[in-house]
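Down below is the structure, laid out as structure tokens.
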Amino acid sequence: AEIAIGARFGPQDDQYEIGKQLGHGAASQVFSCRRLRDGEELAVKTVDLRRLCLLGDMQEQLGRLDSEVGILQELHHERIVNLQSFHKSENWYFLIMELVGGGELFDVIVRNKSLNEMEARHIFMQLLEGVGYMHSRGVIHRDLKPENILVASSRPHADGQLYDVKIADFGLSKAIGGGASLARTRVGTPQYWAPEVLDVQKRGGSYDQAADFWGLGAVLFVMLCGRYPFDGQKQPLDDQIRTASYCMSGSRWRGISEAAKSLVRGLLRVNPVDRLSLEECLNHPWVTGQPMLPKTHL
Ligand code: ADP
Ligand code: MG
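Printed below as a string of structure tokens:
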């Protein structure tokens, strides 16, 4: 049966009813749903297993889904979408999650053209909390982008809007063993790929948590100016990323503080070793609100 409003799924003794569609990804459709036993409103990511094989090797795709479930089951944090349970039927895979009602950060940025620095900082600090937590649990997200950051709620503030966000979509994330960086596959969304991710197969190398700081840099860039740092327009996308050729001049960057730009620069560094760490982000003047030291001291 197809998934449609009113359709039911789940085990006999714990059924759910599908509501309106909330979003979709390459292999998934996400709906609101209601748990019949208590009427709780939740979200469900549905994956059509018959369509999944069109996206590549079936076993690999299924492995990814299992890994997404496995990783989410281990993560419990206010800034990370909470998995409630999951259910497999013959043709469908259901990930039942908390409902994050405010839509994608992507749409908030598009609607507003860009966010002001206070708004961006409020979100960025929450992302640092979430990313810090997952890294401390040995999980790299690898697909941080405004489409995978969901708005839980927002409230007005004298200087703008305070958006509370949660990180979603652990479909490409990776659990790494203590200390060693074992992530060797090229995954993610091209616009946000870190250079070492682009080249990982060619160099046979590996990469680690630093890839998420590149992602955070790209998200920060988009929040501040409403454009992708790398768009493949004037140069091929891969070349732009490998050389970190992004531009922070022009009218969209006018009036944006030097501190904000310096944080973007520190995150979008080609070599993962040079990239800012969690600690360095937390101590960065743009995050702490401390005045920037004169350039010669940086
Ligand atoms: P994919 O792995 O296919 O990209 P995602 O997990 O990113 O799937 O979900 C696709 C979209 O569905 C998201 O970008 C978002 O718009 C919406 N979505 C996902 N999870 C939730 C949720 N828990 N609450 C509300 N909307 C969600
Ligand atoms: Mg997604």
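Using full-length UniProt numbering, the first residue of the sequence shown is number 10, and each one after it goes up by one.
The beta carbon of each residue, even a glycine, is placed where N, CA and C say it ideally should be.
Please read these numbers as outputs of a predicted model, since none were measured by experiment.
Among all the DSSP beta bridges, which residues are the ones paired with A52? By DSSP's assignment, A52 forms a beta bridge with S41 and M106.
Expressed to the nearest angstrom, what Euclidean distance is found between the alpha-carbon atoms of G226 and R46? Rounded to whole angstroms, G226 to R46 spans 43 Å at the Cα level.
Where does H86 sit, in a helix, a strand or coil, going by DSSP? Residue state, collapsed to three classes: coil.
According to DSSP, which residues form a beta bridge with K183? Answer is I149, bridged to K183.
According to DSSP, residues forming a beta bridge with V174: Answer is V160, bridged to V174.
Check whether the Cβ atoms of F18 and S94 lie closer than 8 Å to each other. In this structure, S94 does not lie closer than 8 Å to F18 by Cβ.
Kindly list the residues whose CB is nearer than 6 Å to the CB of A203, restricted to its own chain and excluding five residues on each side of it in sequence; keep chain order. Only A220 and W223 meet the Cβ criterion.
Cutoff 8 Å; reference L64; Cβ partners in own chain excluding five residues on either side: Excluding sequence neighbours, L64 sits near A35, A36 and Q70.
Would the C-beta of E156 count as close to the ligand NAP, meaning under 7 Å from any of its heavy atoms? Among the ligands modelled here, namely the ligand ADP and the ligand MG, the ligand NAP does not occur.
Going straight from the alpha carbon of G298 to that of V228, what length do you get? Between the alpha carbons of G298 and V228 lies a distance of about 19 Å.
In the DSSP assignment, find the alpha helix (DSSP H) that holds G226 and state where it starts and stops. For G226, the enclosing alpha helix (DSSP H) begins and ends at A219 to C234.
With a threshold of 8 Å, are at least 3 pairs of Cβ atoms found where one atom belongs to the region 102-117 and the other to the region 162-174? Yes: at least three Cβ pairs fall under 8 Å.
Would DSSP call K270 helix, strand or coil? Helix, per DSSP.
Contacts around Y25, its chain only, beta-carbon distance under 6 Å, and the 5 residues preceding and following it disregarded: These residues qualify, in order along the chain: F18, G19, C42 and R44.
Could you round the C-beta distance between L58 and F179 to whole angstroms and report it? I think they count as a contact, below 8 Å. Not really, about 19 Å apart at Cβ, beyond 8 Å.
Is L181 close to chain D, meaning its C-beta is less than 8 Å from at least one C-beta of that chain? This model lacks chain D altogether, as it is built from one protein chain only.
Nearest neighbour of S260, chosen from L276, K122, N157 and D168 [CA to CA]: Checking every option, the nearest Cα to that of S260 belongs to K122.
Please look up how many angstroms separate the CB atoms of G275 and L287, rounded, as I've assumed it's under 8 Å. At roughly 12 Å, the Cβ-Cβ gap does not stay under 8 Å, so G275 and L287 are not in contact.
Those residues, in chain order, that have a beta-carbon closer than 7 Å to some heavy atom of the ligand ADP: Taken from the N-terminal end onward, the list reads L31, G32, H33, G34, A35, A36, S37, V39, A52, K54, V90, M106, E107, L108, V109, G110, G112, E113, E156, N157, L159, A177, D178 and G180.
Does the beta-carbon of S182 have 16 or more other beta-carbons within 10 angstroms, so that it is buried, or is it exposed? By the neighbour-count rule (16 or more Cβ atoms within 10 Å), S182 is buried.
Please determine, among C62, V39 and L61, the residue with the shortest C-alpha to C-alpha distance to residue 322. This structure gives no information on residue 322, because the portion of the chain shown stretches from 10 to 307.
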